[in-house]
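Residue numbers (full-length UniProt numbering), protein chains in the order written: chain A, 1 to 480; chain B, 1 to 480.
Just so you know, even glycine gets a beta-carbon here, dropped at the ideal spot from N, CA and C.
Protein chains: 2
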Amino acid sequence: MTKINNQDENQEAQTPLQRVICLLHKYKLVEGFVNLQEKPDQALTQSPVQKQNLAELQCLLDKLHPADIAYVLEALPLEDRLLIWNMVKAEHDGEVLLEASDAIRETLITDMGNTELVAAAEQLDADEIADLAPDLPQDVLEDVLWALPITEREQLRAAMSFPEDAVGALMDFDVITIREDVRLEVVLRYLRRLDELPDHTDQLFVVDRDEHLKGVLLVSRLLVSDPETQVAAVMTKEMVKLHPNDNAQQATYAFERYDLVSASVVDVDDKLLGRVTVNAVIDFIREKAENEALNLAGLSEEEDLFAPVLKSVKNRWFWLAVNLVTAFIASRVIGVFEDSIEKLVALAALMPIIAGIGGNSGNQTITMIVRALALGQINTDSAWKLIAKELGVSAVNGLMWGGIVGLFTFIIYQNASLGLVMTAAMILNLLLAALLGVLIPLTLSKCGRDPAIGSSVMITAVTDSGGFFIFLGLATIFLL
Amino acid sequence: MTKINNQDENQEAQTPLQRVICLLHKYKLVEGFVNLQEKPDQALTQSPVQKQNLAELQCLLDKLHPADIAYVLEALPLEDRLLIWNMVKAEHDGEVLLEASDAIRETLITDMGNTELVAAAEQLDADEIADLAPDLPQDVLEDVLWALPITEREQLRAAMSFPEDAVGALMDFDVITIREDVRLEVVLRYLRRLDELPDHTDQLFVVDRDEHLKGVLLVSRLLVSDPETQVAAVMTKEMVKLHPNDNAQQATYAFERYDLVSASVVDVDDKLLGRVTVNAVIDFIREKAENEALNLAGLSEEEDLFAPVLKSVKNRWFWLAVNLVTAFIASRVIGVFEDSIEKLVALAALMPIIAGIGGNSGNQTITMIVRALALGQINTDSAWKLIAKELGVSAVNGLMWGGIVGLFTFIIYQNASLGLVMTAAMILNLLLAALLGVLIPLTLSKCGRDPAIGSSVMITAVTDSGGFFIFLGLATIFLL
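See the structure below:
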């Protein structure tokens with residue numbers, strides 16, 4: 001484990017970010033109003049005070065954990081970010097790149113020369129290089145591949161071959177293997193000959209001559225057992241074995257349920273390939289949750305907070321376009337009923353209420369179902385029960401909110417039949433929302449697509465167009 | 001660590017859930033069409049085949065990890081859930097309750113007698129009982145408190161005193177402490193006298209006579225170091241120290257950044273109180289992410305998939321009511337312009353497009369800002385930069401999509417000025433969305449409220465009412 005900030009050493013209780021920003025300000029604003037655009041390569045003209053501030057900043061950066069540096073870089077506007085990035089020690093470059101989020105990593109890599117990039121990548125393990133690989137220029141990647149020892153090169157090739165959501169992409173190769181026929185005392189002596197253990201070593205892997213996994217020796221068992229015992233006597237045979245092509249999401253559930261720190265990864269013949277550790281799992285969980293939140297809000301991918309305007313536009317255009325298409329369709333549905341609206345203009349003011357509540361209710365249902373699908377908790381039996389339940393909830397909500405809306409309409413417009421049409425339209429649109437709120441994610445999932453992506457947009461489209469159609473249709477039939 | 005399912009032992013590659021459901025079906029459907037409402041207390045009339053199926057089910061349940069049992073219970077409709085719950089071994093009750101999600105736990109606890117509950121709670125550690133406490137009946141909790149040894153009772157009282165989002169609520173008390181002036185060999189002998197180490201023991205805590213934390217001895221250091229060395233020579237003094245009143249969210253970031261397995265919790269005098277382990281952190285991250293997703297979709301809290309209809313209605317009414325209020329307001333904004341709509345009915349068909357795209361764009365901005373706020377990456381300086389950037393994105397999007405929408409309007413309605421009004425309204429509403437998309441979460445956060453809750457509803461309300469007002473207002477001024 002690398003250096004960790006002792007929180008007590010910082011008496012002002014400032015976060016690393018606040019300290020960096022404070023020093024940056026001091027550096028840039030010294031001697032009255034200095035031009036904010038000043039660049040570090042103008043250092044020749046710097047005053048002694050500025051030089052001292054810069055030295056203080058350098059000293060702070062040298063002490064920061066790479067993850068903290070990545071965090072600070074992420075929070076800084078592009079110009080300041082590159083100033084700080086150029087001050088980071090070259091030996092930390094690789095780890096900072098690894099810790100930075102995709103959008104930030106891109107801006108940092110763009111700023112680096114090829115030799116710098118190769119040097120940075122070479123500081124990392126094979127599985128870590130594989131994480132960076134998609135963002136590296138092709139020629140850098142080839143240089144790195146050739147510079148690696150043959151085993152690591154093979155590992156890197158293997159790690160790069162797995163899709164992002166497979167266990168193989170989370171796997172690392174830092175496993176300590178032992179044989180089952182030795183005494184614990186021998187294991188302890190073997191460990192003592194190592195300089196350090198890989199991070200997150202909570203278990204040693206017991207393998208036979210052909211690397212087949214026989215069991216695991218928990219470090220906690222090793223520590224409490226008599227050194228004269230044989231490994232075979234204290235090793236655990238019941239353990240979680242992952243396969244590199246398993247779904248990574250399922251593996252994270254195993255970590256959560258069984259409170260794992262690490263788990264073995266084996267091939268079809270039970271040969272040990274590597275392991276997955278809990279820190280990779282946490283990163284995966286966080287990234288997955290964030291991506292879902294971003295997609296729900298209509299962002300295609302994570303966005304640099306200070307991305308140039310056009311880059312942001314590119315990241316956001318897709319879901320805006322989808323939204324525009326559904327809005328056009330809803331608009332045409334209303335267009336069909338323009339005659340009715342002309343005769344009874346109150347319809348125009350009332351129709352967004354029906355559509356809005358329908359969308360909200362549909363999204364409530366969708367969220368429940370998507371979560372249950374992700375956990376694998378829905379089968380054919382329960383699907384029918386769920387539809388029945390959601391229709392029941394919608395019927396109750398429809399009567400309740402529909403009643404209120406109907407009353408409101410009656411009071412405002414002094415028109416009882418208009419109120420009844422509102423109530424009926426609300427009930428019908430909520431029932432539609434419930435039915436499709438269950439069916440849309442189930443269908444997407446049956447077709448092998450991720451129900452978390454796009455379900456929300458689809459249900460809103462249905463409840464908008466459907467709501468307008470139901471309400472204006474009922475009004476045309478019963479009121480005109 | 002408790003029992004873990006060996007995935008290989010199950011040749012049919014079924015999940016625990018699938019196996020339980022399959023056995024449940026066999027049990028219930030044996031001998032043709034047996035009444036599905038059959039209850040386990042009618043067991044007296046069971047056929048030998050049914051008894052055998054029941055025994056097989058019992059055998060499967062006995063082998064399952066408590067977390068798997070909780071998962072299976074969650075996926076079953078209420079009736080089946082209680083049937084299975086009554087078959088779970090009493091000694092697993094406590095752990096299953098702990099693993100189950102809040103909504104499911106409630107249904108299980110309702111089904112248990114007070115003595116059963118006390119027995120279940122007594123199997124758990126103080127920090128685990130504290131997690132269950134809010135769901136336990138008051139008299140059960142008191143019985144449990146009195147049955148505990150004095151140290152644990154104090155721990156339980158302490159653990160219960162922290163709010164859910166404080167580090168204290170994640171803390172456990174399973175720490176192994178050592179002194180700095182002993183040799184590692186003594187530490188190893190001391191550990192060997194224990195039956196087992198607490199889960200997730202990756203470090204031993206070095207304290208002085210008054211329990212002040214001096215450093216930590218990493219187990220991995222212990223294993224690779226010469227047993228003759230003193231603890232003081234190999235212990236780490238730079239470590240993460242949490243305080244029980246720290247924000248739990250910030251602590252999870254420390255685990256993520258520094259790849260921790262456990263971290264110490266100390267009081268203001270640096271006295272060791274307990275530790276936080278990575279499994280508690282994972283549960284917290286997952287729960288937090290889920291709650292955010294639920295709130296965004298308009299659900300107040302996690303809902304049992306098979307909750308009774310009225311219970312679901314209760315969980316969902318709040319956000320529907322909020323939505324209804326904002327829809328009413330938007331409806332009244334339209335109502336103001338009824339004369340204009342009567343004169344130019346196309347306005348009614350076009351206005352939802354302006355409101356819809358504005359809402360979508362506003363939510364994109366909100367999502368970016370809420371995430372950056374959660375990470376503490378926004379300060380006064382960057383706030384202005386962000387507003388400028390978001391306004392820029394909106395201007396580009398407004399010109400682009402507004403242009404398309406204007407063209408579409410011109411083609412459909414053969415009315416150039418109507419098209420221009422659409423374009424102008426789109427640009428203005430997107431600018432409004434950008435401005436408030438930054439200001440709403442920043443203001444909520446300044447007022448000490450969680451910007452993740454309610455921001456999305458507020459921005460949609462603004463872009464709906466605002467969009468209608470801008471579009472209908474412009475139309476009234478320029479077209480009529």
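Three-state secondary structure (DSSP) of residue i
| i | result |
| --- | --- |
| serine 225 of chain A | coil |
| lysine 237 of chain A | coil |
| glutamine 230 of chain B | strand |
| glutamine 123 of chain B | coil |
| isoleucine 378 of chain A | coil |
| leucine 324 of chain B | helix |
| isoleucine 176 of chain B | coil |
| arginine 153 of chain B | helix |
| serine 264 of chain B | strand |
| leucine 273 of chain B | strand |
| leucine 480 of chain A | coil |
| alanine 297 of chain B | coil |
| alanine 43 of chain A | The pLDDT assigned to alanine 43 of chain A is 47, lower than 50, so where the model puts this residue is not dependable, and the model offers no usable value. |
Burial state of residue i (16 or more Cβ within 10 Å)
| i | result |
| --- | --- |
| lysine 389 of chain B | buried |
| leucine 136 of chain A | buried |
| glutamate 99 of chain B | buried |
| asparagine 363 of chain A | buried |
| valine 428 of chain B | Sequence inspection shows leucine at residue 428 of chain B; the valine mentioned does not correspond to that position. When all chains shown are included, leucine 428 of chain B counts as buried. |
| alanine 102 of chain A | For clarity, residue 102 of chain A is aspartate in the given sequence; the question names alanine instead. By the 10 Å Cβ count, aspartate 102 of chain A comes out exposed. |
| glycine 274 of chain A | buried |
| valine 325 of chain A | exposed |
| asparagine 35 of chain A | With a pLDDT of only 46 at asparagine 35 of chain A, under 50, the local geometry of the prediction cannot be trusted, and no value is derived from it. |
| threonine 460 of chain A | buried |
| isoleucine 150 of chain B | exposed |
| valine 306 of chain B | Per the sequence shown, the amino acid found at residue 306 of chain B is phenylalanine instead of valine. Phenylalanine 306 of chain B comes out buried. |
| aspartate 181 of chain A | exposed |
Residues that DSSP places opposite residue i in a beta bridge
| i | result |
| --- | --- |
| glutamine 250 of chain B | Paired residues: none, contrary to the question. |
| leucine 183 of chain B | In the sequence on display, residue 183 of chain B carries arginine and not leucine. DSSP output for arginine 183 of chain B lists B:Gln230 as bridge partner(s). |
| leucine 213 of chain A | A:Val207 |
| leucine 218 of chain A | A:Gln203 |
| alanine 166 of chain A | A:Asn247 |
| leucine 242 of chain A | A:Val265 |
Own chain residues within Cβ distance below 6 Å of residue i, not counting five before or after
| i | result |
| --- | --- |
| aspartate 143 of chain B | Val118 |
| glutamate 152 of chain B | Ala126 |
| glutamine 37 of chain A | Caution applies to glutamine 37 of chain A, whose pLDDT of 46 falls short of 50 and renders its modelled position unreliable; the model cannot decide the point. |
| aspartate 270 of chain A | His212 and Leu213 |
Beta-carbon proximity check, residue i vs residue j, cutoff 8 Å
| i | j | result |
| --- | --- | --- |
| alanine 289 of chain A | valine 276 of chain A | no |
| leucine 296 of chain A | serine 445 of chain A | no |
| asparagine 245 of chain B | alanine 166 of chain B | yes |
| glycine 358 of chain B | glycine 467 of chain B | yes |
| alanine 120 of chain A | glycine 94 of chain A | yes |
| asparagine 397 of chain A | leucine 436 of chain A | no |
| aspartate 80 of chain A | leucine 132 of chain A | no |
| isoleucine 341 of chain A | valine 345 of chain B | yes |
| aspartate 172 of chain B | aspartate 259 of chain A | no |
| glutamine 123 of chain A | glutamate 91 of chain A | yes |
| asparagine 323 of chain A | glycine 356 of chain B | yes |
| valine 405 of chain A | isoleucine 353 of chain A | yes |
| leucine 480 of chain B | lysine 343 of chain B | yes |
| valine 234 of chain A | alanine 254 of chain A | no |
| aspartate 283 of chain B | glutamate 256 of chain A | yes |
Beta-carbon contacts of residue i that lie in its chain and below 8 Å, excluding the five residues immediately before and after
| i | result |
| --- | --- |
| isoleucine 178 of chain A | Val187, Tyr190, Leu204, Phe205, Val206, Val207, Leu217 and Val231 |
| leucine 442 of chain A | Ile369, Leu373, Ile378, Ala383 and Pro451 |
| alanine 251 of chain A | Val167, Leu170, Leu242, Ala263, Val276 and Val281 |
Cut-off 7 Å between Cβ atoms - residues of its own chain near residue i, not counting five sequence neighbours on either side
| i | result |
| --- | --- |
| threonine 201 of chain A | Ile176 and Val219 |
| leucine 156 of chain A | Ala126, Ile129, Ala130, Leu145 and Leu148 |
| aspartate 304 of chain B | Ala103, Ile104 and Thr107 |
| serine 225 of chain A | Leu184 and Val234 |
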